[in-house]
Every structure is written in structure tokens, then in C-alpha cells.
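This report refers to the structure that appears directly beneath it.
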Amino acid sequence: MADAFKVSRDVAPVFRPDAAQPYDDRILRFVRDGAAVSLWTLEGRMVLRDAWKKPRIPAWWNGWRVVEPHRKIQEQTANRLGFSDRYFDLIHAPQALHKSFFEACDAQHPDWFFENAAYPFRDAQQFWPIGLIAHWAISRHQAEFKSNKSGVMIHAGHHSERVIKARLAKVAADASIQFACLQSMDEGSAACQKSLFQWLDQYIPSWISLLNP
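Using our numbering, read the sequence shown as starting at 140 and increasing by one per residue.
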């Protein structure tokens, strides 16, 4: 939502509802008998899921493959805090964002967030605030790493029907799956959307059922 705010040091931020972008990820957390998942640790550290990755450099051995925008921005973000040879790739799962981490980072780098808000939303020159704070926590030993196999991600526009069905079946069969992220559902076919909505009905009660228990 960086483009929803136009800021300068002399003018207070002004929220522009017309520029706000809808958040297109839908993340569910499943309640499993006998299985507990920590979003926060007792020590207050940030819980991170997924794995370390190395920056991808276009070269002849990888066919001069162009780095995907979403990956490039993560690499650039991590590099701001000195992670030049690797970055921690965050999966589509809930992350606990501690306000104190943002405040501490902003105190040390007061220009960063002002600069970031000056660009249009999702501009290639921006950094990713969530990724920034994740690496801030890592650099100060305030992060705890958890398994990246506790969630599934479904992209309705990119994943095939076979992949989507397999991942939905995995949620039902594997009690270790605690999260599911359904992304870009509007990009899926009519049949895909119908299938996903029917699946969601199993886990999310409608407002009518809540009014008439």
C-alpha cells in the first residue's frame, strides 16, 4: 500500500483510498486436534518459515534467465541489511510483525521508509517491508525458524487443475498442514473458482450459519 501514502518530511502522510490496493492473499489457519502451531515464541522472536536462497544471477549456464520481479525485490531487500550472498525466502504463511522491530529499524535508517513510499505501488525500486523486518530480526538473533512444510499455497491463475486438486487433498490427509494460502482466485477459470469456493465452504462458515446456529 505504499502508493496509498504520499509523504515528505514537511507534509503529514495522507491516506488515498482510491490508491489502496486489495490484498489478494487469503490465508486460512486450520484447527487440528493435538497439533499446535506457534505464530510467536515465548521469547517474542519472529517466527519465519521457508528456507535460505542464493541470489540468482543471469549467466550462460542458466540460459541468461531473468530474475523474477518478486524474487529480485526480496534479494534487494535483504541486501539493504548486509545479506548479499543469501536471503531468507518467506512462504505464504502468517508472520508476526513486531512493532518494536519497525521502530528500531526506522530509528537507525530514518530515510528508508520515506523513500519507499515515494514510489508507485510495487515499483521495482521499492523494498519489501515484511522481508526487511524479517532480515532485521535475523540479524539481531530475534528470529526463530520453523518448518516450511506446514502450509500449502494455491495460485488459481498459475497452478494446473491437477496441482490444485493434489494440494487440496493434502490438506485433508496431512494433519501437519496448518495453513493454506489461496492466491489470485480471480485469475482462475470459472470451474476452478467454483471448486475452490466449494472447498472453502467446508472450513469457513457463511454469515447465515453464524446468524442461525
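Virtual Cβ for every residue (Gly too), placed ideally from N, Cα, C.
Small disclaimer: the values here were computed from a predicted structure and weren't measured.
- Round the Cβ separation of alanine 190 and asparagine 287 to the nearest angstrom and send it over; I've been treating them as touching at under 8 Å. By one-based count along the sequence shown, residue 190 stands at place 51. By one-based count along the sequence shown, residue 287 stands at place 148. Contact holds; Cβ gap of about 6 Å.
- Report yes if the CB atom of tryptophan 267 is closer than 8 Å to the CB atom of isoleucine 196, and no otherwise. Your numbering for residue 267 matches position 128 in the sequence shown. Your numbering for residue 196 matches position 57 in the sequence shown. No, they are not a contact pair.
- Beta-carbon gap between leucine 271 and arginine 225 smaller than 8 Å: Counted from its first residue, the sequence shown places residue 271 at position 132. Counted from its first residue, the sequence shown places residue 225 at position 86. Their beta carbons are not under 8 Å apart, which means leucine 271 does not touch arginine 225 by this criterion.
- Item | Through-space distance from glutamine 322 to leucine 335, alpha-carbon basis | Residue mapping note: residue 335 aligns to position 196 of the sequence shown, counting from 1. Residue mapping note: residue 322 aligns to position 183 of the sequence shown, counting from 1. Their backbone Cα atoms lie some 11 Å apart in a straight line.
- Below 8 Å, can you find three or more Cβ-Cβ pairs linking the stretch 235 to 245 to the stretch 286 to 301? no
- Query: Using a Cβ-Cβ cut-off of 8 Å (strictly less than) and excluding sequence neighbours within five positions of alanine 276, which residues of its own chain qualify?
  - Reply: Numbered from its first residue, the sequence shown carries residue 276 at position 137. These residues qualify, in order along the chain: Arg184, Met185, Leu187, His237, Phe240 and Ala282.
- Message: Suppose only complete runs of 4+ residues qualify. What are the alpha helix (DSSP H) ranges in the stretch 264 to 350, listed by chain order?
- Response: 268 to 278, 300 to 312, 329 to 340 and 346 to 350
- Taking only the alpha-carbon atoms, compute the straight-line gap between aspartate 313 and alanine 305 and give it to the nearest angstrom. In the sequence shown, the residue the question calls residue 313 occupies position 174. In the sequence shown, the residue the question calls residue 305 occupies position 166. Their Cα atoms are separated by approximately 12 Å.
- N-terminal and C-terminal residue of the beta strand (DSSP E) that phenylalanine 241 is part of: For the purposes of this step, residue 241 is taken as residue 102 along the sequence shown, with counting starting at 1. Element bounds for phenylalanine 241: not the beta strand (DSSP E) but the alpha helix (DSSP H), 238 to 247.
- Look up arginine 188 in the DSSP assignment and say whether it is helix, strand or coil. Looking up residue 188 in the sequence shown gives position 49. Three-state result, arginine 188: strand.
- Query: Would the C-beta of histidine 294 count as close to the ligand SAH, meaning under 7 Å from any of its heavy atoms?
  - Reply: The ligand content of the structure shown is nil, which means the ligand SAH is not present either.
- Task: State the CB to CB distance for the pair aspartate 228 and lysine 192, rounded to an integer number of angstroms; the pair is presumed to be in contact (CB under 8 Å).
- Result: In the sequence shown, residue 228 corresponds to position 89, counting from 1. In the sequence shown, residue 192 corresponds to position 53, counting from 1. 5 Å between Cβ atoms; contact.
- Per DSSP, what kind of secondary structure is phenylalanine 222 in: helix, strand or coil? The count along the sequence shown starts at 1 and reaches residue 222 at position 83. Phenylalanine 222 falls in the coil class under three-state DSSP.
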